[in-house]
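Visitor: Residue numbers (my numbering), protein chains in the order written: chain Y, 152 to 491; chain R, 9 to 204; chain A, 5 to 443; chain S, 366 to 567; chain F, 29 to 210; chain U, 201 to 568.
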Amino acid sequence: MFILLQTTTISLSAIGLPVLIIGALGLIFGLILAVASKVFAVEIDPRVEEIIEVLPGANCGACGQAGCAGYAEQIVNGGEAIDKCAPGGSDVVAQIAQIMGMEASSSDRKVAVIHCSSGGHENTNWKYQYEGVETCKAAANVAGGPNSCSWGCMGLNDCMRACIFDAISIDSNGMRLIDLEKCTGCGACVKACPRALIDLVPINRNVYIKCSSKDKGVEARQVCGSLHPCIGCGICAKKCPVDAISIQNNLASIDYEKCINCGLCASACPTKSILDLLVGTRKQAEINPEGCIGCTICAKVCPVQAISGELKKIHEVDKAKCIGCELCVPKCPKKVIEMV
Amino acid sequence: MKFTKELTKGFVKDNPIFVLVLGLCPTLAVTTSVINGLGMGLAATFVLMCSNTIVSMIKNITPPKIRIPIYIVVIASFVTIVDMVMAAYLPALHKSLGLFIPLIVVNCIILGRAEAFASKNNVLMSIADGIGMGLGFTLSLVVIATVREILGAGTWLGMRVTPLSYDPMLIAILAPGAFITLGFLMALINMIKEKK
Amino acid sequence: MRLKTFPGGIHPPDEKHYSASAPISNFPTPKRVIIHLSQHIGAPSTPVVEKGERVQKGQLIAKASGFVSLNQHASISGMVNKIGNFLHPTGAMSTAIEIISDDQNDMIALDDDPKYLDLPVDVLKERIENAGICGMGGAGFPTHVKLSPPEDKPIDTVILNGVECEPYLTSDYRLMLRNSDEILSGLKIIMKVVGAKKGMIGIEENKPDAIALMQKRCAKEKDIEVVALKMQYPQGAEKQLIYAATNRKVPAGGLPMAIGVVVQNVGTAFAIYEAVRYQKPLIDRVISITGPMVKTPMNLLAPIGSLYSDLVEHCGGITGTLGKAISGGPMMGFALPSLEAGMTKGSSGLVLLGEEAARSMAEHTCLRCARCVDICPMNLMPSMIANSVKYDDLDMAVQAGLNDCIKCGSCAYVCPAQIRIVQWIDTGKIRYAEAQRKK
Amino acid sequence: MGYLGEIFVMAMTAIFIQNFVLARFLGLCPYLGVSKKLDSAIGMGMAVIFVMTLASAITFLINKYLLIPYNIMYLQTIAFILTIASLVQFVEMVIQKNAPALYKSLGVFLPLITTNCAVLGVAILNTTAFRSDSVTPYNFLDSILNGFFSGVGFTVVLVAMAGLRMRMDKADLPKSMKGMPIALIIAGIMALAFYGFMGFQI
Amino acid sequence: MKYYLKLGFILLIFCAIASGVLAYINTLTAPIIAERKAREAIETRSALIPGAEFHEVQASDGSIFYEARDPETQEIMGYTFNASDLGYSSTVQTMVGVDPDFKVIAIRIVDQAETPGLGANCTSPSFTDQYKGLAIEDLYVNKDGGVIVPIAGATITSRCIANSIRKKAIEVRDEINQGGGE
Amino acid sequence: MNSKDKLIVSPAPHMHDKTTIPNIMWHVVLALVPALLFATYYWGFRALLLTLTGAVTAVVCEAIIQKLRKVPITVHDGSAFLTGLLLAFNIHVGAPIWLPIVGAAFAIIVGKQVFGGLGNNPVNPALLGRAFLMASWPTRMTSGWVAVKGFAMSGINNLPRIANNLQELSPKAYDLVTSATPLGVAKTLRDSSFVADINAQAGGIDLSGRIFNSLTEMETLKNLFWGNIGGCIGEVSAFALLLGAAYLLYKNIIGWRIPLFYIGTVFVLSFLFGGLPGSGSSILLPFFHIFSGGLLLGAFFMATDYTTTPLTKKGRIVFGIGCGLLTIVIRLVGGYPEGVSYSILFMNVMTPLIDRLTMPKAFGRVKK
Ligand SMILES: Cc1cc2nc3c(=O)[nH]c(=O)nc-3n(C[C@H](O)[C@H](O)[C@H](O)COP(=O)(O)O)c2cc1C
Ligand SMILES: Cc1cc2nc3c(=O)[nH]c(=O)nc-3n(C[C@H](O)[C@H](O)[C@H](O)COP(=O)(O)O)c2cc1C
Ligand SMILES: Cc1cc2nc3c(=O)[nH]c(=O)nc-3n(C[C@H](O)[C@H](O)[C@H](O)COP(=O)(O)O)c2cc1C
Ligand SMILES: Cc1cc2nc3c(=O)[nH]c(=O)nc-3n(C[C@H](O)[C@H](O)[C@H](O)CO)c2cc1C
Ligand code: SF4
Ligand code: SF4
Ligand code: SF4
Ligand code: SF4
Ligand code: FES
């Protein structure tokens, strides 16, 4: 390849000529590109431009798209994931997220909850022996589904397969369990479940109805294998201090806008069909008498009237009544209520 | 420290071959022997380090419209330097790497790092990044070449490491073996990752 | 003569020997019947009786709730006991009217009209509509709708479907032997209603006596031809039958009327005859109770709504352990979770299988053996549809023929990997419909 | 053997015997990156054919009329890559503006190809290649044809790869094999299948 | 316009600097490379016919071969030339030394890219040493009736080497004989 | 599930054909038994040993991998056994015993299990195993072949017909006809320098033409048909293979499209181009090409492998024609004497594309 210059001295032509030629090439191409970028300019979404700027421009194709520009285009217009650029690494992802305005804050993130406690496995009463494609969607279509409860989980794991984050597993009771750490709230499982048993709930709500049966109470008791069906008795609704529970079609449902995590409903449910994640871990309020000014605000917010005291006098919490909902804590102007 | 972080990330976390899967052509073409792999790796490291340095130095005077051509010119210059120096002092290696030396120019890692890292960071960090990525690249090449050379020639760095009765499995140093070896190595890495 | 048939198809053992030789006998009035409001394709009928009301046999108890819907009549006399959810022969729960018999068996008055063929077409159609007839070959399409093709689709041929290609079933066969004249008359009525010049009766070669008898009856009829067909499943499927008999292809996604053909089951023809001549509503039909688990397999003329359990009881009950109860034939029928289902107008048979025969093997990965592709009567790529549905590639599934499948089950029958192709296709169709709705 | 014969040999060599991807190890990144879908594979293939042909032509001229006469062959790399990169970028802009439909199906792949070994590779290889008599160096037309056929060879294996990978999307692969590992193994298998063309005496 | 010129100018500067640097480095390395190549060629030739002094001869078809002469007596010790042909997957180039009677003194494979482990083994002495002392007419692999034992599994490569040397040697001999006749 | 006492409910159809995967696979094995018997008869116990070694290795590898993958172990279905068997059939009897072992292991691991096992592999595992062996140990695969006792490797037994004193006349030619396989001879005769040489050695008579004629004459074809030649274990006797093929066709286990179009293409092309350059054609020529090498083994037992061949009917025709074309091209101008395995492998790679391009139109659907 190298036809060699036989000169050993640094002559002008040995250096000047190449400088001239390649320099000229550079000038020509620089000009062409500059002019062309003007003449052939095409309108594109400014976000696409911005992302192109951010991307490495290596055009390596690792993202599976047609080069960096193609990927940028796909992010903006095609809903492509933003973490596909290999050379860019994590910095680039963060930058794209910013451009796309996709930063989700973690406090109000939602996670999936399964509203059935049968788990479709050990606990369900079976209508027949199912032999067929092992997916919920297919089974639901064969004689109304293999489990006696036509609302409950069939346990063929469509949800589990749909979850690309491995957030769903089966616990020792054969119930499908959602790992709240891993769940991203993508909702894939919600779409996958043919019985519509899965629902997205804000992560800071910890009380769930574990049943979806709209059958009448007697029937529900008959068909439910887990023995924890919601029979629509309405006791929970009555117990709820904030009226977050309503009964429709023989089924209780919680309004998470209102729910305060107190867990009263769960302890009241005769069939134990309400799951309370905080059970046993709730603390109770205690008012530090030092700081209490007797403003009565806490007594007013307490849903169960566990706080008593006269105006301008030190208030006290009735431990027998306090349910640990923590509503009073942030309301106290003096910040003297503590959970212990 | 940030410097060491940038330096070491290419070894495992952002390994250009096993994790980022970039620059496969030289990876597969030259790993028929460890010495070739090492040579290619170091050559690329040199280019990467130098081009990162320059790109990071000139980052403020490059107009965006001709950014890529400029980077390419910078990279191509260093590649040509490597090419010429190698031809002069390491003729045997130069010959066996052949076409793949000029092709370092288009190795996606190099342009990618120039764009993604060097054009946004200071010179020191860019050098760290270049060396780190380059050594990560070299490391991967050596690993692949080790497997291929031992299986396919029964030697490592030219030294016989298998019993004389071993009849080398030629395919390992041929094209199909290159793909398959890399495939299995990557699967192995996936497996280890899964275990964690 | 080379027998006519269609391309593709399979040859399952026909298993008709259980009940083929049993002439049709009457099933005595049962204790109760369950009359489903959805016995047909289209909107469920609207009940016109209330709980506790007494009804006569033949009395209208639910009326059509639209054009594509059906009248339902009481098939016994007695008391309306409940309007609620009951097991449907498709295996699912569905709304039905339960009538408890009062053993009076009094029927609404019928009158004979021997000159029925001279009636105007409108009247004929009205009588068919009033009688609540839907197709009795399985799909259950309301017959009055099928017999009202739009003006721009002239019908020239009516084909009676006496193929009965499903293994085990013999109800159409026995009906052809018992009521050949009436069926022929029914065919003439249909031809008159749709204005067709030509009539055909398609029968498979495994029913030689039915072919012979029908040929004898048609000997004098110039426009009516009995077509003997080669034995091959699914010859009874509309498009395949039309092709076998007339060499015409129904366009994909189209209806037979697009090529000037109407197909009716022989049982439907019989019901049409009765409806037109006597104005008798469709309240009974012939059903085969058959299979290795039935003590004495029979072909019974039973009131619509009779419970399968009662019918089986009448046949001497079950011998051995019951593994599977299939409503309909074994290729397309539905396995039931229990026998407490009331038969519908489309119930042509009940097949009872033992445990051994009922078990199926686990699915394996598709071998790509192409057996399914080779035999698909619709010329589709069943394995590809199934696999595409499994891996959520609906576009590919559609390209491979998802929407053209008639769910005949031939593919799943031959698949050595035991892939439940039809169930995958079913799932795919549901998902496809969901996806379309979203668009 | 006339020139047609020569072309035939060149085509067979570039497509089957010395396939760019499987035998020469060039253009592997797009081969593995853009073979996930059949449609993109076809688009990419067409774009590669176009660029390789174009690059072969222009670099031949640069080589012949600039580098060789002035004895600056050592600047080959820099001259070629600069030319190719600028040219492709230019063509891309032109297509994007004037033929949006073409751009959608083909043009979007252009930037991906600029910095692709296959293109620079063919340009460099052309400068040292000989005809089948192994004495006559490639002339202008030879170079263009070689670029074209090399692109075709790339496209053939890219499209076949896409077909196979789409099949693998619908298979129960072991978890650790999913993605790149299986693609590489398929590539290896393809290379092995192409060994049938080795040693052709045409 | 000025803006465009500026862009072009910047690129020009970069190109100019780059090529300047490269040109400079080239002036440093080129001689080394050239010298190395020349030395290698000489070394190879000397290894084939040790102790000789080489004179370039241009054949009538333009190709080049070398006369090896005794530095003292100027007696012709033999000739060296390059032979090449298409092997299995590459062009195999051999440098050959023959004595004045055109018996092979030694050969050396100077360029090949055959399959590693197969054809590439042709550089090993166990293969090349077989050629020593053979008359050029006898340069056939044993499968073609000669005495050269081909490399295991690489008959094609071996055959191509033998054939290319034979053909080229005959050409060279004819050339010399003609030249001598004139 | 606590539902054993309940009725079974499954989707339609409720009847099933009796054919199952093990059923199919073991039938194919059975159909290969005649070929194995012939090979054992010709070459003795070693042929049997190599074959069973390959088959057993394949089964063991499959079991181990399935165990590691924690999926059900399905080696009883016979597909691994068949793969091992066919791989060994593609090796000659003089090969070292580790060759089928390594080959079968590669075939099962890289050719099949990494893709998820039966039904998912893109190319024929046995042929991949063979290609792997060819690329890894070409010497072992191409040397040390053994002829059937009492016969020449090439099947040409009537040497005097070529020339009474062939051995003296041209040792090279003699060597060729006694120690190369039929296709090897045919290939060598396409080397013009070789041909010029032996013809010159024989003093100008057309030795090459005579050899080629003997190769394609009835007597040699008979040897090819019964297997009195050198070759790989499984391919040796056309008769035994046809016997097995007939059984499979009768049992409807293999379709007729691929074999017919494969062999048909070879027939036509070899009739047109199969002779020596410049020499005429003969109707025996196609038979030579069909009975020699692995063509029948390939066409009936390997190009018909379900998993790696097109699903569509038209696709299978294209596949057959493609295989035939490539086989002949490789045999005539390629680098190997035999092209069956590579041509099938190549067409395997193209199978997904063929399937796409030949999707059938549904009944009643009109072309757009
Ligand atoms: C939605 C729908 C509309 C139909 N409309 C008509 C119609 O207008 N005319 C007609 O003759 N048949 C009509 N049919 C009946 C079909 O031709 C056919 O008889 C019915 O689907 C049952 O056929 P099968 O049992 O072969 O599936 C209709 C069917 C369906 C499902
Ligand atoms: C696979 C398949 C098989 C069928 N077999 C029969 C049959 O054997 N006899 C029959 O009358 N109808 C059969 N049908 C239904 C016919 O397609 C068609 O709906 C019927 O003949 C129309 O008549 P009807 O409306 O009077 O029921 C079958 C349908 C399918 C899809
Ligand atoms: C992957 C592979 C590489 C090969 N490389 C060469 C080679 O470099 N040189 C050669 O002569 N033959 C090569 N061959 C060809 C075979 O080894 C061929 O069978 C051999 O040349 C025939 O010679 P033999 O008679 O010594 O076995 C190669 C074959 C394969 C499969
Ligand atoms: C007709 C037929 C031919 C077969 N041919 C092969 C073959 O050539 N190679 C092979 O490895 N397996 C063959 N098998 C076995 C099986 O299909 C093979 O293991 C699968 O390719 C693995 O997925 C064959 C099976 C059948 C039914
Ligand atoms: S599928 Fe999405 S929403 Fe459901 S559990 Fe997994 S991550 Fe959560
Ligand atoms: S998808 Fe629904 S029915 Fe199926 S396992 Fe999950 S929760 Fe249960
Ligand atoms: S794909 Fe549909 S039409 Fe074809 S055989 Fe299967 S069920 Fe029948
Ligand atoms: S019959 Fe079954 S195994 Fe065969 S191709 Fe069809 S789905 Fe696959
Ligand atoms: S390194 Fe060759 S294309 Fe990326």
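Glycine included, each C-beta is placed from N, C-alpha and C at the ideal position.
Going along chain S, which residues have a C-beta under 7 Å from P77 of chain R?
Guide: In the second sequence, the residue the question calls residue 77 of chain R occupies position 69. L447, A450 and S451, listed in chain order.
Visitor: Name, going along the chain, the residues of the region 332–366 of chain U whose beta-carbon falls closer than 8 Å to a beta-carbon of chain R.
Guide: Within the region 332–366 of chain U, the qualifying residues are F332, A335, S336, W337, P338 and R340.
Visitor: Go to D139 of chain F, then tell me how far its alpha helix (DSSP H) extends in each direction, as first and last residue.
Guide: The sequence position of residue 139 of chain F within the fifth sequence is 111, counting from 1. Premise fails: D139 of chain F lies in the beta strand (DSSP E), V132 to D139, not in any alpha helix (DSSP H).
Visitor: Taking L305 of chain A as part of the alpha helix (DSSP H), name the residues at either end of that continuous run.
Guide: Against the third sequence, residue 305 of chain A aligns to sequence position 301. Careful: L305 of chain A lies outside any alpha helix (DSSP H), inside the beta strand (DSSP E) at M302 to P307.
Visitor: Closer than 8 Å is the cut-off here; do at least three beta carbon pairs connect the region 293–302 of chain A with the region 204–219 of chain A?
Guide: The region 293–302 of chain A vs the region 204–219 of chain A: no contact.
Visitor: Thinking L426 of chain Y and Y359 of chain Y are a contact (beta carbons under 8 Å), I'd like their distance in whole angstroms, please.
Guide: Here residue 426 of chain Y is taken as the residue at index 275 of the first sequence, counted from 1. Here residue 359 of chain Y is taken as the residue at index 208 of the first sequence, counted from 1. Right, the Cβ-Cβ distance comes to about 5 Å (below 8 Å), so this counts as a contact.
Visitor: Give the DSSP-derived three-state secondary structure of M235 of chain A in the structure shown.
Guide: Here the question's residue 235 of chain A lines up with position 231 in the third sequence. Coil, per DSSP.
Visitor: So which residues on chain Y does I208 of chain U lean against when the C-beta distance must stay under 9 Å?
Guide: For the purposes of this step, residue 208 of chain U is taken as the residue at position 8 of the sixth sequence. Under the 9 Å cutoff, chain Y gives Y279, Q280, Y281 and E282.
Visitor: In this structure, how does DSSP classify T101 of chain F when only helix, strand and coil are distinguished?
Guide: Translated into the one-based positions of the fifth sequence, residue 101 of chain F becomes position 73. T101 of chain F falls in the coil class under three-state DSSP.
Visitor: Helix or strand or just coil, what does DSSP make of I265 of chain Y?
Guide: Locating residue 265 of chain Y in the first sequence gives position 114, counting from the first residue. Correct three-state label for I265 of chain Y: strand.
Visitor: Can T287 of chain Y be considered in contact with ligand 6, in the sense that its beta carbon sits closer than 7 Å to one or more heavy atoms?
Guide: Numbered from its first residue, the first sequence carries residue 287 of chain Y at position 136. The sequence shown places Cys at residue 287 of chain Y, not Thr. Yes, the Cβ of C287 of chain Y comes within 7 Å of a heavy atom of ligand 6.
Visitor: Contact criterion: CB-CB distance below 8 Å. Does M502 of chain U meet it with respect to chain S?
Guide: Taking the first residue of the sixth sequence as 1, we reach residue 502 of chain U at position 302. False, the Cβ-Cβ gap to chain S never drops below 8 Å.
Visitor: Out of S:P395, S:V487 and S:Q454, which has the shortest C-alpha to C-alpha gap to T424 of chain S?
Guide: As a working note, residue 424 of chain S is residue 59 in the fourth sequence. Of the listed residues, the one whose Cα sits closest to T424 of chain S is S:V487.
Visitor: So for W164 of chain R, helix, strand or coil by DSSP?
Guide: Taking the second sequence and counting its residues from 1, one reaches residue 164 of chain R at position 156. Three-state result, W164 of chain R: strand.
Visitor: Shorter than 8 Å from the beta carbon of Y242 of chain U to some beta carbon of chain S?
Guide: In the sixth sequence, counting from the first residue as 1, residue 242 of chain U sits at position 42. Answer no: the Cβ-Cβ gap between Y242 of chain U and chain S never drops below 8 Å.
Visitor: Please state whether DSSP places A122 of chain R in a helix, a strand or coil.
Guide: Here residue 122 of chain R refers to the residue found at position 114 when the second sequence is read from its first residue. Correct three-state label for A122 of chain R: helix.
Visitor: Cβ of L286 of chain U within 7 Å of any heavy atom in ligand 4?
Guide: By 1-based counting over the sixth sequence, the position of residue 286 of chain U is 86. Yes; taking the cut-off as 7 Å, the Cβ of L286 of chain U has a heavy atom of ligand 4 nearer than that.
Visitor: Along chain F, which residues have their Cβ under 9 Å away from the Cβ of G564 of chain S?
Guide: Within the fourth sequence, the letter at position 199 stands for residue 564 of chain S. Going along chain F in sequence order, the residues near G564 of chain S (Cβ under 9 Å) are Y116, S117 and I184.
Visitor: In three-state terms, what does DSSP make of K220 of chain A?
Guide: For this step, residue 220 of chain A is matched to residue 216 along the third sequence. Helix.
Visitor: Less than 7 Å between the CB of K20 of chain A and some heavy atom of ligand 7, yes or no?
Guide: Taking the third sequence and counting its residues from 1, the one referred to as residue 20 of chain A is at position 16. No.
Visitor: With DSSP run on the structure shown, which of helix, strand or coil describes L206 of chain Y?
Guide: Working through the first sequence from its first residue, we reach residue 206 of chain Y at position 55. Reduced to three states, the DSSP call for L206 of chain Y is coil.
Visitor: Hey, how far is the Cα of V578 of chain U from the Cα of L28 of chain R?
Guide: Chain U is shown only over 201 to 568; residue 578 of chain U falls outside these bounds and no answer can be derived.
Visitor: Taking C-beta to C-beta, are A345 of chain A and Y312 of chain A nearer than 8 Å?
Guide: By 1-based counting over the third sequence, the position of residue 345 of chain A is 341. By 1-based counting over the third sequence, the position of residue 312 of chain A is 308. Result yes, Cβ atoms of A345 of chain A and Y312 of chain A sit closer than 8 Å.
Visitor: What are the start and end residues of each continuous alpha helix (DSSP H) run of 4 or more residues lying completely inside the region 125–198 of chain A, in chain order?
Guide: Taking only runs of at least 4 residues, the alpha helix (DSSP H) segments lying wholly in the region 125–198 of chain A are 125–134, 147–150, 175–182 and 184–198.
Visitor: Anything in the region 380–407 of chain S with a Cβ closer than 8 Å to a Cβ of chain U? List those residues in chain order, please.
Guide: Listed by position, the residues of the region 380–407 of chain S near chain U (Cβ gap below 8 Å) are L403.
Visitor: Report yes or no: is there a C-beta of chain U within less than 8 Å of the C-beta of A96 of chain F?
Guide: Counting from 1 along the fifth sequence, the entry for residue 96 of chain F is found at position 68. It does not; no Cβ of chain U falls within 8 Å.
Visitor: In whole angstroms, give me the CA-to-CA distance for T160 of chain Y and T55 of chain F.
Guide: By 1-based counting over the first sequence, the position of residue 160 of chain Y is 9. By 1-based counting over the fifth sequence, the position of residue 55 of chain F is 27. In this prediction, T160 of chain Y scores a pLDDT of 45, lower than 50, which makes its location untrustworthy; the coordinate-derived value is nonetheless stated afterwards. For T160 of chain Y and T55 of chain F, the distance between alpha carbons rounds to 8 Å.
Visitor: With hydrogens ignored, establish whether the beta-carbon of F145 of chain A is closer than 7 Å to any heavy atom of ligand 2.
Guide: Start at 1 with the first residue of the third sequence, and residue 145 of chain A comes out as number 141. At least one heavy atom of ligand 2 is nearer than 7 Å to the Cβ of F145 of chain A, so yes.
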